[in-house]
Amino acid sequence: MAAISAAELDATWRQLERVPRPDLARALARAQELGAAAFKRKDYQGAYDHYNQAVTGLEYLARTGADATERDAVRALANRSACKLGRGDAAGAARDAAECARREPAWPKAWYRLGRALFAQDKFGDASQAFDEGARLEPDNAEFGRWRERCRARDEAAAAERRRARRHETDYSRFDFVNDGDGDGGGGGRRGPARSGAPVVETVEEMHDLMQRKQQAQIDQQAPADIYYVQTMLRLPQATRPAELEGQTALAAVVAYLERASALAAPRRPARNPRTPMREWSRRRGGRPRRFRRAGAAARRAAEAWGGAIERVRRRLGEADLGDAAWLHVGAGCGRSLARCARAAAGPVRALAVGPAAGARDVLAANGLADAVEWVEAPVEEVFDAAPPAVVVVVDPDLFDGGLLGRRALPYVRHARRHLAVPECVVVPARARVFCAPLAARLPASHGVPLAALDRYRWGPGSEELDLDGSMQARAGAYRLLAPPVPCAELDFCAADVEAALAAREARLAFEAGEDGVLNGVAFWFELDLVDELRFGTAPGGGRRQRVQWVDPVRVAKGAPIRVAARVTETRVAFEVTAPQRVAPVVHRHCLGRWHLDMVADARRNAAFRAGIRAAVASVLEGKRTGPQRPGAAAGCAVLDFGTGSGLLALYACEAGATAVVGVDTSAHVLACAREIARATPHAAAVRFVHKDCRRLEAGRDFGDRADVLVMELFDYGLLGEGCLHFARHAWAHCLRADARMVPRGAALRAVLVELGEAETGDGLDVRCLGTRRFQPDYYGLRLEEEAHRRLSAPFDVFDFDFSRASALADGYLEGAWRGDVEVTATGRLNAVVFWHVLDLGDGADLATGPDDAETCWLQACQPLEEVSVEQGTRLALQATHQGSRCTFSVDRAPAGDAPEFYDHNDLALHNELAAQSAQLEKTVVFSSEARQEAADAALGVAVDPARLGRGGRYVDPDVAQQFAWTFFQG
Numbered sequence: 006m007a008a009i010s011a012a013e014l015d016a017t018w019r020q021l022e023r024v025p026r027p028d029l030a031r032a033l034a035r036a037q038e039l040g041a042a043a044f045k046r047k048d049y050q051g052a053y054d055h056y057n058q059a060v061t062g063l064e065y066l067a068r069t070g071a072d073a074t075e076r077d078a079v080r081a082l083a084n085r086s087a088c089k090l091g092r093g094d095a096a097g098a099a100r101d102a103a104e105c106a107r108r109e110p111a112w113p114k115a116w117y118r119l120g121r122a123l124f125a126q127d128k129f130g131d132a133s134q135a136f137d138e139g140a141r142l143e144p145d146n147a148e149f150g151r152w153r154e155r156c157r158a159r160d161e162a163a164a165a166e167r168r169r170a171r172r173h174e175t176d177y178s179r180f181d182f183v184n185d186g187d188g189d190g191g192g193g194g195r196r197g198p199a200r201s202g203a204p205v206v207e208t209v210e211e212m213h214d215l216m217q218r219k220q221q222a223q224i225d226q227q228a229p230a231d232i233y234y235v236q237t238m239l240r241l242p243q244a245t246r247p248a249e250l251e252g253q254t255a256l257a258a259v260v261a262y263l264e265r266a267s268a269l270a271a272p273r274r275p276a277r278n279p280r281t282p283m284r285e286w287s288r289r290r291g292g293r294p295r296r297f298r299r300a301g302a303a304a305r306r307a308a309e310a311w312g313g314a315i316e317r318v319r320r321r322l323g324e325a326d327l328g329d330a331a332w333l334h335v336g337a338g339c340g341r342s343l344a345r346c347a348r349a350a351a352g353p354v355r356a357l358a359v360g361p362a363a364g365a366r367d368v369l370a371a372n373g374l375a376d377a378v379e380w381v382e383a384p385v386e387e388v389f390d391a392a393p394p395a396v397v398v399v400v401d402p403d404l405f406d407g408g409l410l411g412r413r414a415l416p417y418v419r420h421a422r423r424h425l426a427v428p429e430c431v432v433v434p435a436r437a438r439v440f441c442a443p444l445a446a447r448l449p450a451s452h453g454v455p456l457a458a459l460d461r462y463r464w465g466p467g468s469e470e471l472d473l474d475g476s477m478q479a480r481a482g483a484y485r486l487l488a489p490p491v492p493c494a495e496l497d498f499c500a501a502d503v504e505a506a507l508a509a510r511e512a513r514l515a516f517e518a519g520e521d522g523v524l525n526g527v528a529f530w531f532e533l534d535l536v537d538e539l540r541f542g543t544a545p546g547g548g549r550r551q552r553v554q555w556v557d558p559v560r561v562a563k564g565a566p567i568r569v570a571a572r573v574t575e576t577r578v579a580f581e582v583t584a585p586q587r588v589a590p591v592v593h594r595h596c597l598g599r600w601h602l603d604m605v606a607d608a609r610r611n612a613a614f615r616a617g618i619r620a621a622v623a624s625v626l627e628g629k630r631t632g633p634q635r636p637g638a639a640a641g642c643a644v645l646d647f648g649t650g651s652g653l654l655a656l657y658a659c660e661a662g663a664t665a666v667v668g669v670d671t672s673a674h675v676l677a678c679a680r681e682i683a684r685a686t687p688h689a690a691a692v693r694f695v696h697k698d699c700r701r702l703e704a705g706r707d708f709g710d711r712a713d714v715l716v717m718e719l720f721d722y723g724l725l726g727e728g729c730l731h732f733a734r735h736a737w738a739h740c741l742r743a744d745a746r747m748v749p750r751g752a753a754l755r756a757v758l759v760e761l762g763e764a765e766t767g768d769g770l771d772v773r774c775l776g777t778r779r780f781q782p783d784y785y786g787l788r789l790e791e792e793a794h795r796r797l798s799a800p801f802d803v804f805d806f807d808f809s810r811a812s813a814l815a816d817g818y819l820e821g822a823w824r825g826d827v828e829v830t831a832t833g834r835l836n837a838v839v840f841w842h843v844l845d846l847g848d849g850a851d852l853a854t855g856p857d858d859a860e861t862c863w864l865q866a867c868q869p870l871e872e873v874s875v876e877q878g879t880r881l882a883l884q885a886t887h888q889g890s891r892c893t894f895s896v897d898r899a900p901a902g903d904a905p906e907f908y909d910h911n912d913l914a915l916h917n918e919l920a921a922q923s924a925q926l927e928k929t930v931v932f933s934s935e936a937r938q939e940a941a942d943a944a945l946g947v948a949v950d951p952a953r954l955g956r957g958g959r960y961v962d963p964d965v966a967q968q969f970a971w972t973f974f975q976g
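Start counting the sequence shown at 6; every next residue gets the next number (the numbering used here).
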């Protein structure tokens with residue numbers, strides 16, 4: 006039961022007034038008896054529920070001056086504090102104990118409870134002061150002295166650890182929890198490296214505890230503005246002009262940040278499966294970057310479709326004796342569409358740059374077309390000079406985001422039609438249609454563990470990408486369309502004004518549910534009419550992703566009517582379910598990286614870890630049954646789960662026969678979800694969840710005796726980026742028995758040499774220069790089979806890591822180097838190393854994440870290299886190094902003479918600017934809850950409809966804006 010508001014408390018007390026006082030007194034006494042009994046058998050949740058009832062009733066009696074004293078209420082509050090501490094809520098225990106000490110400062114036990122709660126939060130100095138006060142009040146109690154000594158010893162050990170960490174070359178700050186991200190840093194986001202670049206703060210290790218306290222305080226004391234309703238967000242007023250940023254510090258900072266992030270993301274979309282370029286400045290232990298778009302093949306299909314349309318327009322103009330007509334290209338994108346226009350046009354070609362155009366300029370220059378295009382650098386809606394006016398207007402395919410209108414394609418085309426083209430011009434594409442269907446998204450159970458509680462995280466400020474065909478969730482059966490799709494909007498880009506372009510600004514849609522389900526989203530996609538019968542779309546089954554707008558969940562029965570209102574503006578399509586309706590809106594405080602939903606839906610990953618856990622637990626139990634008994638050894642099998650998240654692997658351990666399981670994670674709200682999932686299984690009594698950084702966990706203090714098994718699924722797609730070596734080392738030192746089992750027991754890193762990207766398109770367009778847009782300081786994630794590539798070697802082994810022995814994790818193990826001569830199997834231009842990991846889960850069971858293995862929720866890691874020419878049959882000297890956190894490859898050979906530049910210097914400068922701004926933003930929001938709230942409000946306001954800010958040359962990508970907004974809700 007959560008803390009209740011003053012209004013709820015008043016309502017409760019009014020109900021208690023109707024209860025006879027003798028009956029109420031007996032009920033409260035019974036509640037305390039039941040609480041004491043539950044606490045004795047270590048059922049801390051049950052004890053908390055009973056003592057919580059007792060506290061509420063005794064507070065009422067004490068305030069009314071009848072049958073109870075202030076002392077009785079304080080005693081019950083102290084008992085509730087002990088229950089909170091037992092169930093892992095150290096912050097809540099400290100609040101209750103502090104209230105006890107405030108109301109009865111002469112009671113020694115209040116200070117003892119406060120000291121224990123502070124000690125559990127690693128606040129050793131504050132805890133020592135509490136124990137000092139207790140010892141002053143009760144000098145004969147030796148317990149206070151013992152706990153003071155523990156505080157002193159732990160404080161000295163922590164200081165020594167900080168000094169040792171600063172001397173070590175490994176950058177430990179990359180693992181420090183600051184403010185949690187989309188999942189991309191510490192416990193969330195699948196699956197990327199810990200990012201390098203500017204440090205978060207100058208002395209991260211010393212500030213670590215303060216940051217955690219501030220983050221926890223923000224979670225525990227949410228301001229009313231930090232509660233958001235989906236429907237309220239969707240109805241935010243749409244500004245007719247850009248927001249005035251002067252004087253609005255938070256909004257100005259957020260918009261400036263998102264403009265830089267969008268500028269860095271734009272040229273990378275066609276170059277590779279894009280990684281959002283913003284520095285994931287809100288990290289959490291065990292983080293994983295988000296899943297990426299399947300952009301490779303889809304982008305090529307879009308380029309081919311536009312190329313075919315442009316060729317048809319060229320022929321049509323020739324037939325009409327208009328071969329020298331002027332062309333206007335709106336947007337730059339990757340330059341493919343623009344280059345095809347420059348080739349096809351006999352007349353002048355003008356290009357209106359929307360967002361960064363460096364990649365497009367490079368493509369034009371590489372194909373000898375730089376002088377064939379006139380660039381217009383001014384913001385589109387400030388350009389009125391058109392001499393001669395265009396006969397053909399081509400909209401770059403990159404201007405159409407997944408939601409069709411989020412990159413302001415419609416306002417740009419409208420302006421071009423009115424001011425820069427002839428009245429009867431040809432527009433590519435000519436028309437667009439949007440289709441939608443009601444969606445039920447529900448995670449299926451995994452081996453008997455119900456996961457539907459995670460569906461509460463399906464919300465967001467705007468629409469988001471959804472793969473109804475190829476994602477892990479789709480394959481697991483998580484997505485069901487409750488009714489056939491229907492068209493909901495039609496746009497005519499050939500219309501001269503937006504009123505005519507929008508055939509209907511609002512459509513009232515009626516569906517009939519084809520099956521029972523919980524309606525929690527509206528899926529939609531679009532289809533473009535390019536020229537004649539040429540079409541391009543994002544419908545399911547076409548290899549592209551769709552979009553979804555999440556709505557408050559409501560249950561529908563088969564045959565029931567579903568009514569949806571679809572509203573279309575010039576910058577977005579939005580939906581509202583009008584029937585059936587919820588009685589009250591759903592309150593949203595937190596968000597979860599979408600990688601987590603894909604991860605728990607990954608049947609192959611789940612089955613492999615379940616088998617490994619069952620084998621480890623069975624081995625421990627068999628060893629204890631048949632082997633010699635160790636002195637003081639507990640019966641059964643104790644399991645630790647590092648980075649437990651929603652608790653799935655911990656519950657697998659319970660199912661395997663473990664008698665005591667402890668799941669550890671730094672996210673309080675995800676652990677609350679894990680407890681809810683556990684209560685729906687038969688194993689709730691056997692598992693306990695602890696809200697703590699795994700690196701600060703210690704046997705005997707945070708849980709019982711040392712564990713027999715450690716389950717650790719803390720691997721990014723480059724294996725080491727989440728800090729698995731550091732976590733394993735800490736576990737052996739502080740948490741595990743000498744003969745404990747590890748799941749996984751070890752991991753191997755494998756790699757392959759590749760030539761990544763297209764050298765030229767099917768019609769001979771040279772696009773090798775786009776490879777420079779792949780560069781970033783760290784490796785990034787991709788699915789190799791979805792990329793245009795050529796393998797230049799067979800897969801080869803790089804590193805082997807052994808987690809199963811403490812001796813294997815000595816200091817030297819946190820650094821490593823590998824050198825090898827790799828045989829080149831094909832002649833080509835080496836420009837990347839793609840690598841992946843193979844987990845050894847025991848009993849011969851492996852989980853491999855390579856390009857030739859069955860797909861998992863992990864991507865492969867790709868490190869770009871400066872391009873090198875290699876020949877079949879030769880051997881290449883390759884080096885790899887790691888410092889416990891990331892693996893780096895290098896080649897000792899001069900680059901190819903005609904190789905494109907390795908990276909774009911402007912991109913690198915922008916990346917560094919973004920990293921510096923990220924660090925400043927993070928400092929501000931971590932140390933000021935007011936600034937954090939203002940930034941969160943600004944980020945949400947922008948993410949609802951970022952295209953509103955597109956006037957005046959501003960460019961904010963919708964996906965970048967939404968992912969940034971989520972970072973404020975993943976703590």
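Just so it is clear, CB atoms sit at the ideal spot from N, CA and C, and this is done for glycine as well.
Report the rounded CA-to-CA distance for C740 versus D845, giving the unit in angstroms. 21 Å
For K563, is the classification buried or exposed, using 16 other Cβ atoms within 10 angstroms of its Cβ as the cut-off for buried? exposed
Taking the beta strand (DSSP E) that C441 belongs to, which residues open and close that run? Boundaries of the beta strand (DSSP E) harbouring C441: 436-446, taken from the DSSP string.
Within 10 angstroms of the Cβ of D978, are there 16 or more other Cβ atoms? Answer buried if so, exposed if not. Residue 978 is absent from the structure shown; the chain starts at 6 and stops at 976.
Go ahead and pull the three-state DSSP assignment for P402. helix
Where does W530 sit, in a helix, a strand or coil, going by DSSP? Reduced to three states, the DSSP call for W530 is strand.
For a minimum of 4 consecutive residues, which ranges assigned as the alpha helix (DSSP H) are wholly contained in the stretch 901-971? 910-932, 934-949, 963-971
Could you tell me which residues DSSP pairs with F1 in its beta bridges? Past the edges of the chain, shown from 6 to 976, lies residue 1, and the structure says nothing about it.
Exposed or buried, which one is H334 when buried takes at least 16 other CB atoms within 10 Å? Burial of H334 is indicated by the presence of at least 16 other C-beta atoms within 10 angstroms of its C-beta.
Identify which residue in C105, G91, F124 has its Cα closest to the Cα of R701. F124
Looking at the secondary structure, which residues open and close the beta strand (DSSP E) in which C430 lies? Where C430 is concerned, the enclosing beta strand (DSSP E) stretches over 426-433.
Endpoints, the alpha helix (DSSP H) within which F129 is located: 129-142
Return the chain-ordered ranges of every alpha helix (DSSP H) run that is complete within the stretch 724-789 and spans a minimum of 4 residues. 729-739
Could you tell me how far apart the beta carbons of D557 and R587 are, in whole angstroms, since I believe they sit closer than 8 Å? 5 Å
Alpha carbon to alpha carbon, what distance is there between A948 and L444? 22 Å
Is any beta-carbon of chain B found at less than 8 Å from that of V748? Of the protein chains in the structure, only one exists, and it is not chain B.
Nearest residue (CA-CA) to H696, options A689, R680, A579, T686: R680
So, with DSSP's three-state summary, where would you put F973? Helix.
Bridge partner(s) assigned by DSSP for D826: D826 is bridged by DSSP to A882.
Would you kindly report the start and end of the unbroken alpha helix (DSSP H) that includes S342? 341-349
Taking only the alpha-carbon atoms, compute the straight-line gap between A866 and T583 and give it to the nearest angstrom. 44 Å
Keeping to the same chain, check which residues put their C-beta closer than 7 Å to that of L409; ignore five residues upstream and five downstream. A437, V439, F531, V578
Status (buried if at least 16 other CB within 10 Å, exposed otherwise) for T631: exposed
When F974, D460, A500 are compared against L524, the one with the closest alpha-carbon: D460
Run through the DSSP bridge pairs and tell me what S895 is partnered with. Q884
Suppose you measure from the CA of A41 to the CA of A52; what does that come to, to the nearest Å? 7 Å
Would A351 and D329 qualify as a contact pair, given that the criterion is a beta-carbon distance under 8 Å? yes
Taking only the alpha-carbon atoms, compute the straight-line gap between A620 and T861 and give it to the nearest angstrom. 22 Å
DSSP three-state assignment for A325, whether helix, strand or coil: coil
Check the C-beta distance from P122 over to A99 and give it rounded, since I have them as a contact under 8 Å. Sequence check: residue 122 is Ala here, not Pro. With a Cβ gap of about 4 Å, A122 and A99 count as contacting.
Span of the alpha helix (DSSP H) around Q478: Looking at the DSSP string, the run of the alpha helix (DSSP H) that includes Q478 is 477-480.
May I ask you to report which of helix, strand or coil DSSP gives G202? Because G202 carries a pLDDT of 33, less than 50, the predicted location of this residue cannot be relied on, and the following value inherits that uncertainty. It is coil, neither helix nor strand.
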